[in-house]
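Trainee: If you read the sequence shown in the numbering used here, its first letter stands for residue 78, the second for the next number, and so on.
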Amino acid sequence: LSSCAQPSMGHAHSQAENFTAVFVKDQFVPLLKDFWRYNDLKSLCEKVKILTLNFALDHATFAQLLALPPAHEDIVEVWYHEFSHDRASKVVDGLEFLAGAILVNAVEEVTLF
78 LSSCAQPSMG HAHSQAENFT AVFVKDQFVP LLKDFWRYND LKSLCEKVKI LTLNFALDHA
138 TFAQLLALPP AHEDIVEVWY HEFSHDRASK VVDGLEFLAG AILVNAVEEV TLF
């Protein structure tokens, strides 16, 4: 997921208008839908709780969570870069990643407000 107006980590959105600029980058939608279905995502939610205490995923842990076939290892690199590039600590927020994947798989199109 991406947003034009991103709050600092840990700060909740309190105004509905903050969500009008949220979107999923087009290149991720087909891949998220192709790799996982609801039960797969449910398993990933359980797996992330075992892998980390705070949902912060370094590169190795992110790759371990995804557990994609070797033919798709390049996707792990692209996703890790895309989902961690704006964080000083260079980690992927596992909760944010899974929430986005669940939303993409739950609906074809969501109209916000």
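Idealized CB from N, CA, C, for every residue including glycine. Source: prediction; values computed, not measured.
Under the three-state reduction of DSSP, which class applies to cysteine 122: helix, strand or coil?
Mentor: If DSSP states are grouped into helix, strand and coil, cysteine 122 belongs with the helices.
Trainee: Along the chain, where does the alpha helix (DSSP H) that runs through alanine 178 open and close?
Mentor: Residues 171–183.
Trainee: Locate the alpha helix (DSSP H) running through leucine 130, then write down its first and last residues.
Mentor: Unbroken run through leucine 130: none, as it is neither H nor E.
Trainee: By the three-class DSSP mapping on this structure, what secondary structure does phenylalanine 105 have?
Mentor: DSSP places phenylalanine 105 in coil when its eight states are reduced to three.
Trainee: Report yes if the CB atom of aspartate 170 is closer than 8 Å to the CB atom of alanine 133, and no otherwise.
Mentor: Their beta carbons are under 8 Å apart, which means aspartate 170 touches alanine 133 by this criterion.
Trainee: Got a sec: is the Cβ-Cβ distance from valine 181 to anything in chain B below 8 Å?
Mentor: Absent from the structure is chain B; it holds one protein chain and no more.
Trainee: Should tyrosine 157 go down as buried or exposed, given a rule of 16 or more other Cβ atoms within 10 Å for buried?
Mentor: Buried, because 16 or more other Cβ atoms sit within 10 Å of the Cβ of tyrosine 157.
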